[in-house]
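Numbered per my numbering, the sequence shown spans residues 6 to 319.
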Amino acid sequence: MNTQRYQLRLSGLPEPTGQIKATSLCRILDALLQTGERATRLIVTGQSSGRGRKPKWLRASANFTVTGLNSGSTILEIEAPRFRETAYGELSQQELWHDKPSLDDTSLDMAARAIEEATSAESPGDHFDADVLKAILKFNSASGTPGIRYELIPQGSTGSGFVLDEHVCTQVSERLRSIPPPRSFIVTGRLDEIKCGGGRFRLLLGRNDQLLGKLHPDLLDTEVLRPLWGKPTTVEGLVHFKANGHARWIEARRMSGRAEGDGVFEVSPSGKAGESLGPVTAQRKRNVRSTDPMILVGAWPGDEPIDELLAQLD
């Protein structure tokens, strides 16, 4: 198998060099596994977690192997499979999500990039979301001893590494608190792409902006959207944000052809404090009440009427 080798060096353990308690080892490896798995899933699918059984390609990508335990602090020798071995089909067909990783990357590279980006106050948050940051913070208590330093070092000319200690975890905690919570929006644009796998789609907003989206799991499949392809479309849903307040994706609850007056919603949602959810006009309210243009693509108990949502946006 085509793999990338790493060393995970642990400093500050209470045991002699080259030794580690089994319980600490399990928790540390679990933190590394979850960070790599969630960061990989995020960059490939747009979400770091999901319902149901994990995809086979994801389980294979995160299934790294510990090949040795050495002294000189305590060093774990690790081999991780490259994506060309585990996720070739998923990445070669991936069309909608940004920052597609290289086929030579591994899940541990995705973990390293998430940690690196999380410690930069200026980073947009492409490689992490709240669940990825929560996985990173598991390292802080994994050993049961404060002050542990973790250093992932790729062996050879490829691969990404990281340094993680209490100071870095403090920065990660700050980034976690800074991520805006999801908020309800109405957005309109041209439905530019539809991808059957996972119910993904893309809206073009104006000339230079776009919004990626996914159908809510309880909705019907993407075949319902075929008549809207290439046409002006209005989406009602929950927008998830990056750490910089920019929209990451929208979880669509309803979609329809654009109605009269919907042009005011052709702006990218923002999660920054103090910014509104977007303009809502009296004309739009009249359109909704008189013609109810939103096509229901699926619903569940407690689904609020569009009138109530619009009232909240005022």
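Even glycine gets a Cβ: it sits at the ideal position worked out from N, Cα and C.
Can you give me the C-alpha to C-alpha distance between Ser281 and Ser275, rounded to a whole angstrom? At Ser281 the pLDDT is 43, less than 50, meaning the model places this residue with poor confidence; the figure from the coordinates comes in the next sentence. Going from the Cα of Ser281 to the Cα of Ser275 covers about 8 angstroms.
What is the residue span of the beta strand (DSSP E) that Arg258 lies within? Its beta strand (DSSP E) spans residues Ala252 to Gly262.
Those residues which DSSP pairs with Gly73 across a bridge: Answer is Glu82.
Measure the C-alpha to C-alpha separation of Tyr11 and Thr72 and round it to an integer number of angstroms. 10 angstroms
Taking DSSP's pairing of strands, which residues face Ser2 in a bridge? Because residue 2 is not part of the residues shown, which for the chain are 6 to 319, the question remains open.
Can the beta-carbon of Ala67 be found less than 8 angstroms from the beta-carbon of Gly41? The Cβ-Cβ distance between Ala67 and Gly41 falls below 8 angstroms.
Report the CB separation of Lys219 from Arg231 in whole angstroms; it is logged as a contact under 8 angstroms. At roughly 16 angstroms, the Cβ-Cβ gap does not stay under 8 angstroms, so Lys219 and Arg231 are not in contact.
Could you check how far apart the C-beta atoms of Glu271 and Thr150 are, in whole angstroms? I think they sit under 8 angstroms. Not confirmed; about 54 angstroms, so no contact.
On the premise that Leu217 lies in contact with Val240, defined as a C-beta separation below 8 angstroms, what is that separation, rounded to the nearest angstrom? Not quite, the Cβ-Cβ distance comes to about 11 angstroms (not below 8 angstroms), so this is no contact.
Looking at Gln176 and Ala116, is the spacing between their C-beta atoms short of 8 angstroms? no
Residues in its own chain within less than 7 angstroms of Gly77 by CB, not counting five upstream and five downstream? Thr22
Backbone CA spacing between Ser16 and Arg56 [nearest angstrom]: 37 angstroms
Quick one: Cα of Ile199 to Cα of Asp110, how far? 27 angstroms
I'd like to check one pair, Gln9 with Arg87: are the Cβ atoms closer than 8 angstroms? yes
Are the stretch 237-255 and the stretch 176-186 touching, with three or more C-beta to C-beta distances below 8 angstroms? Because the criterion of three Cβ pairs below 8 angstroms is met, the stretch 237-255 and the stretch 176-186 touch.
Can you give me the Cβ contacts of Pro159 inside the same chain, cut-off strictly under 7 angstroms, excluding the 5 residues immediately before and after it? Gln9, Tyr11, Ser165 and Gly166
For Gln323, which of His132, Leu37, Pro106 and Asn7 has the nearest alpha-carbon? Given a span of 6 to 319 for the chain in the structure shown, any question on residue 323 remains unanswerable.
Would you call Asn145 buried or exposed, if buried means 16 or more other Cβ atoms sit within 10 Å of its Cβ? buried
Look at the alpha carbon of Pro19 and the alpha carbon of Ser148, and state the distance between them as a whole number of angstroms. 9 angstroms
Can you grab the Cα-Cα spacing for the pair Met6 / Thr91, in whole Å? 10 angstroms
DSSP three-state call for Glu90: helix, strand or coil? helix
Would you verify that the beta carbon of Gln160 is, or is not, closer than 8 angstroms to some beta carbon of chain C? Absent from the structure is chain C; it holds one protein chain and no more.
Please look up how many angstroms separate the CB atoms of Ser273 and Ala252, rounded, as I've assumed it's under 8 angstroms. 6 angstroms
Rounded C-alpha distance that separates Leu154 from Pro129: The question names Leu, but residue 154 is Arg in the sequence shown. Distance between the alpha carbons of Arg154 and Pro129: 26 angstroms.
Please report the straight-line C-alpha distance between Cys31 and Thr163, rounded to a whole angstrom. 27 angstroms
Mind checking whether Asp136 and Ser29 have CB atoms under 8 angstroms apart? Inclusion of Asp136 and Ser29 in the CB contact set at 8 angstroms is not warranted, their separation being larger than that value.
From Ala27 to Gly262, what does the alpha carbon distance come to, in whole angstroms? Cα-Cα distance, rounded: 58 angstroms.
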